[in-house]
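Q: Starting off with a structure, shown below.
Numbering (this note's numbering), first residue to last: 1 to 383.
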């Protein structure tokens, strides 16, 4: 199935060269094929493209001259396969004013290959799993169960696709990236990492559960973030109070991958797993929205040592709670009311399955998830 994607790389490329990052199978190649001619793309997954350039990187200049006869933009797909090309890219941007789009699924390999040479010469964009606005007839329960990778969400056999994805990428490519010798240890780590999903990360506890050193666990979490397979949500620090926690929360990049690693075969409304999946889903939507709209406000969370927590804070402008409850009561509103004591000007929103949209006497907006996402992607909020 073809999905229309929000990210407009053609429009972005009119401003500057770009890196386009994202996990495998989020659709980077498909997006570029839909927005640029096939003749503009150098695909390093094809041996006919890869081998000559690996042997002689200076051949890139010749390929670029050929492409520029018909396209103002040159796309190099899977640049992390051949990071040495970045020297040639750097030179062509400087000397010939070439506009590049460089895609990759591993920031780690690029840094090893000298990506810092392009600092300031190429901006960054990210492609995420499908979001609500990109899926016709969006099915919340299907999304919470199988996630938003295009090949999985629309598949007739999503369980098989999830299994293949995890076996191919999370256990093979990431293992190679990390130089992991013991696949059993790494597989155990992935499952423990999935247990920490949406939770604060205690590296020492994870290391103990995995039977590994804390330094190894930290490095493997870095691998997940470097390959865009996970991300940390840092705590909001605007309150400057000692009673606020400072540990980050960890999220896998896709809720379907989390379900698979946890061995979750069904998500029933009202369960803890359903609530976690719903929070994860809202995190993915907010993260994608801020990135696609090029909004520089950080996405964080707020928690006190006493356990009061707000799921998401956007800059200093808004606090968002994600609750899978079908009826919101005062107990659900307490964290947002407490947050007002440290950020009195922040907009407060609770997103839930409660179908009655309303505003409380003290200004908290209670919004059904579908209305919230419609408003979000229609830019109704002032963030």
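Ideal placement from N, C-alpha and C gives every residue a C-beta, glycine not left out. Model, not experiment: these values are computed from the prediction.
May I ask you to report which of helix, strand or coil DSSP gives residue 398?
A: The first residue shown for the chain is 1 and the last is 383, placing residue 398 beyond what the model contains.
Q: Any heavy atom of the ligand HEM inside 8 Å of the beta-carbon of residue 198?
A: For the structure depicted, the ligand HEM is absent and the ligand set is empty, with no information on it obtainable.
Q: Between which two residues does the beta strand (DSSP E) holding residue 246 run?
A: In the chain shown, the residue the question calls residue 246 occupies position 246. Segment: none, residue 246 is in no beta strand (DSSP E) and carries neither H nor E.
Q: Taking only the alpha-carbon atoms, compute the straight-line gap between residue 52 and residue 76 and give it to the nearest angstrom.
A: By 1-based counting over the chain shown, the position of residue 52 is 52. By 1-based counting over the chain shown, the position of residue 76 is 76. For residue 52 and residue 76, the distance between alpha carbons rounds to 14 Å.
Q: What number of angstroms, rounded off, separates the C-alpha of residue 216 from the C-alpha of residue 96?
A: By 1-based counting over the chain shown, the position of residue 216 is 216. By 1-based counting over the chain shown, the position of residue 96 is 96. So the alpha carbons of these two residues sit roughly 44 Å apart.
Q: Using 9 Å as the threshold, is the C-beta distance between residue 325 and residue 354 below it?
A: The residue labelled residue 325 in the question sits at position 325 within the chain shown. The residue labelled residue 354 in the question sits at position 354 within the chain shown. Yes, the pair counts as a contact, with Cβ atoms nearer than the cut-off.
Q: Just mark residue 285 as buried or exposed, buried being the case when its beta carbon has 16 or more other beta carbons within 10 Å.
A: For the purposes of this step, residue 285 is taken as the residue at position 285 of the chain shown. Residue 285 comes out buried.
Q: With distances taken from CA atoms, which of 74, 297, 313 is nearest residue 33?
A: Taking the first residue of the chain shown as 1, we reach residue 33 at position 33. Of the listed residues, the one whose Cα sits closest to residue 33 is 74.
Q: Residue 52 by DSSP, collapsed to three states: which one?
A: Position 52 of the chain shown, counting from 1, holds the residue named residue 52. Looking at residue 52 - three-state DSSP - the assignment turns out to be helix.
Q: Thinking C-alpha only, which one of 165, 143, 197, 19 is nearest residue 272?
A: In the chain shown, the residue the question calls residue 272 occupies position 272. Nearest of 165, 143, 197, 19 to residue 272, Cα basis: 197.
Q: Per DSSP, what kind of secondary structure is residue 353 in: helix, strand or coil?
A: Indexing the chain shown from 1 puts residue 353 at position 353. Reduced to three states, the DSSP call for residue 353 is coil.
Q: Report the start-end ranges of each alpha helix (DSSP H) in the segment 142-224 that is 4 residues or longer and not cut off at the edges.
A: Runs of the alpha helix (DSSP H) inside the segment 142-224: 150-153, 158-165, 174-178, 183-195, 203-210.
Q: May I have a chain-ordered list of the beta strand (DSSP E) segments no shorter than 3 residues that lie completely inside the segment 23-109?
A: Fully enclosed beta strand (DSSP E) runs of 3 or longer: 41-43, 73-77, 99-104.
Q: To the nearest angstrom, report how far apart residue 5 and residue 333 are at their CA atoms.
A: Here residue 5 refers to the residue found at position 5 of the chain shown. Here residue 333 refers to the residue found at position 333 of the chain shown. The alpha-carbon atoms of residue 5 and residue 333 are separated by roughly 34 Å.
Q: Taking the C-alpha atoms as reference points, what is the distance between residue 317 and residue 237?
A: Against the chain shown, residue 317 aligns to sequence position 317. Against the chain shown, residue 237 aligns to sequence position 237. Distance between the alpha carbons of residue 317 and residue 237 is about 13 Å.
Q: For residue 298, which residues does DSSP report across the bridge?
A: As a working mapping, residue 298 is identified with position 298 in the chain shown. Answer is none; residue 298 lacks a bridge partner.
Q: With 16 as the cutoff for other CB atoms within 10 Å, does residue 366 come out buried or exposed?
A: Within the chain shown, numbered from 1, the residue matching residue 366 stands at position 366. Classification for residue 366: buried.
Q: Taking its Cβ as the centre, do 16 or more other Cβ atoms sit within 10 Å of residue 259, making it buried, or is it exposed?
A: Along the chain shown, read from residue 1 onward, the residue named residue 259 stands at position 259. Under this definition residue 259 is a buried residue.
Q: Who pairs with residue 366 in a beta bridge, going by DSSP?
A: Here residue 366 is taken as the residue at index 366 of the chain shown, counted from 1. In DSSP, residue 366 forms a bridge with 350, 358.
Q: Given this structure, state the Cα-to-Cα distance separating residue 279 from residue 301, to the nearest angstrom.
A: Residue 279 sits at position 279 when you count from the first residue of the chain shown. Residue 301 sits at position 301 when you count from the first residue of the chain shown. Those two C-alpha atoms are separated by around 12 Å.
Q: Which partner residues of residue 303 appear in the DSSP bridge assignment?
A: Numbered from 1 along the chain shown, position 303 holds the residue referred to as residue 303. DSSP lists 309 as partners of residue 303.
Q: Tell me whether residue 49 is buried or exposed, calling it buried when 16 or more other Cβ atoms sit within 10 Å of its Cβ.
A: Locating residue 49 in the chain shown gives position 49, counting from the first residue. Residue 49 comes out buried.
Q: Tell me whether residue 320 sits in a helix, a strand or coil according to DSSP, three-state version.
A: Residue mapping note: residue 320 aligns to position 320 of the chain shown, counting from 1. Residue 320 falls in the strand class under three-state DSSP.
Q: Give me, in chain order, the residues of the same chain whose beta-carbon lies closer than 7 Å to that of residue 225; leave out the 5 immediate sequence neighbours on both sides.
A: The residue labelled residue 225 in the question sits at position 225 within the chain shown. Hits under 7 Å: 231, 232.
Q: With distances taken between CB atoms, is the gap from residue 18 to residue 9 smaller than 9 Å?
A: What you label residue 18 is simply residue 18 of the chain shown in a count that begins at 1. What you label residue 9 is simply residue 9 of the chain shown in a count that begins at 1. Yes, the Cβ-Cβ distance between residue 18 and residue 9 is below 9 Å.
Q: How many angstroms separate the CA atom of residue 122 from the CA atom of residue 16?
A: Numbered from its first residue, the chain shown carries residue 122 at position 122. Numbered from its first residue, the chain shown carries residue 16 at position 16. So the alpha carbons of these two residues sit roughly 7 Å apart.
Q: Write down the C-beta distance between residue 58 and residue 88 rounded to the nearest angstrom, noting that I regard them as a contact closer than 8 Å.
A: Counting from 1 along the chain shown, the entry for residue 58 is found at position 58. Counting from 1 along the chain shown, the entry for residue 88 is found at position 88. Between residue 88 and residue 58 the Cβ distance is about 7 Å, and since that is below 8 Å, they are a contact.
Q: For residue 359, count neighbouring C-beta atoms within 10 Å of its own C-beta (all shown protein chains included) and say buried if the count is 16 or more, exposed if not.
A: By 1-based counting over the chain shown, the position of residue 359 is 359. Answer is exposed; the Cβ neighbour count stays below 16.
Q: Give me the Cα-Cα distance between residue 263 and residue 361, rounded to the nearest whole angstrom.
A: Indexing the chain shown from 1 puts residue 263 at position 263. Indexing the chain shown from 1 puts residue 361 at position 361. Cα to Cα, the separation comes out at about 43 Å.
Q: Measuring straight from C-alpha to C-alpha, what distance separates residue 248 and residue 219?
A: Counting from one through the chain shown, the residue named residue 248 turns up at place 248. Counting from one through the chain shown, the residue named residue 219 turns up at place 219. Near 15 Å, if we compare the C-alpha coordinates of residue 219 and residue 248.
Q: Measuring straight from C-alpha to C-alpha, what distance separates residue 346 and residue 202?
A: For the purposes of this step, residue 346 is taken as the residue at position 346 of the chain shown. For the purposes of this step, residue 202 is taken as the residue at position 202 of the chain shown. Each residue's Cα considered, the two are about 29 Å apart.
Q: Would you report the Cα separation of residue 102 and residue 11, rounded to the nearest angstrom?
A: Position 102 of the chain shown, counted from the first residue, corresponds to residue 102. Position 11 of the chain shown, counted from the first residue, corresponds to residue 11. In a straight line, the C-alpha of residue 102 is about 15 Å away from that of residue 11.
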